[in-house]
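Asks: When we follow the numbering used here, the leftmost residue of the sequence shown carries the number 385, and every step to the right adds one.
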Amino acid sequence: MNAKEVLKNYDLSYRQLDLWTSNGYLGSSEDSAQPGSGKRREYSKPELVILERMIAFVSAGVSPAVASAISRGDVEATAKLVHAMEMVQ
Numbered sequence: 385m386n387a388k389e390v391l392k393n394y395d396l397s398y399r400q401l402d403l404w405t406s407n408g409y410l411g412s413s414e415d416s417a418q419p420g421s422g423k424r425r426e427y428s429k430p431e432l433v434i435l436e437r438m439i440a441f442v443s444a445g446v447s448p449a450v451a452s453a454i455s456r457g458d459v460e461a462t463a464k465l466v467h468a469m470e471m472v473q
């Protein structure tokens with residue numbers, strides 16, 4: 385799915401999608417045949433699952449970096465989030 389389709393199908397701004405991709409929170413492939421700096425990004429189905437999880441976590445107040453790590457199964461990040469949530473209660 386290309387970036388334009390992602391924006392159409394998910395509640396996400398272009399700025400968020402670009403920032404998350406640029407920072408490595410979300411992976412994409414870029415069409416290197418396309419000239420210029422505005423290369424067309426494509427997102428795989430597994431990355432779209434990560435995106436859906438990230439959107440849910442970020443909307444719950446988790447930072448994009450932690451949301452990405454947790455969505456990718458980072459046990460340490462998940463443990464830190466759970467610990468932080470326990471401290472709030």
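Note that beta-carbon positions come from the ideal geometry of N, C-alpha and C, so glycine has one too.
These numbers come from a predicted model, not from an experiment.
Near Pro419, what residues of its chain come up, given a Cβ to Cβ distance below 7 Å and the 5 sequence neighbours on each side ignored?
Replies: Residue placement at Pro419 is poorly supported in this model, since its pLDDT is 47, which falls under 50; the coordinates still yield a value, given next. Here the set comprises nothing.
Asks: Rounded to the nearest angstrom, what separates Lys429 and Gly445 at their Cα positions?
Replies: About 25 Å.
Asks: Please confirm whether Tyr427 and Met385 have their CB atoms less than 8 Å apart.
Replies: Yes, the pair counts as a contact, with Cβ atoms nearer than the cut-off.
Asks: Ordered along the chain, which non-local residues of its own chain (more than five positions away) have a Cβ less than 6 Å from that of Ala451?
Replies: Correct list, in chain order: Met438, Phe441, Val442.
Asks: Taking Gly411 as the reference, which of Ser455, Glu460, Asn393, Ser397 has the closest Cα?
Replies: Looking at the Cα atoms, Ser455 is the closest of the given residues.
Asks: DSSP state of Ser413, grouped into three classes?
Replies: Ser413 falls in the strand class under three-state DSSP.
Asks: Which residue wins for smallest C-alpha separation from Arg425, given the options His467, Thr405, Ile434, Gly457?
Replies: Checking every option, the nearest Cα to that of Arg425 belongs to Thr405.
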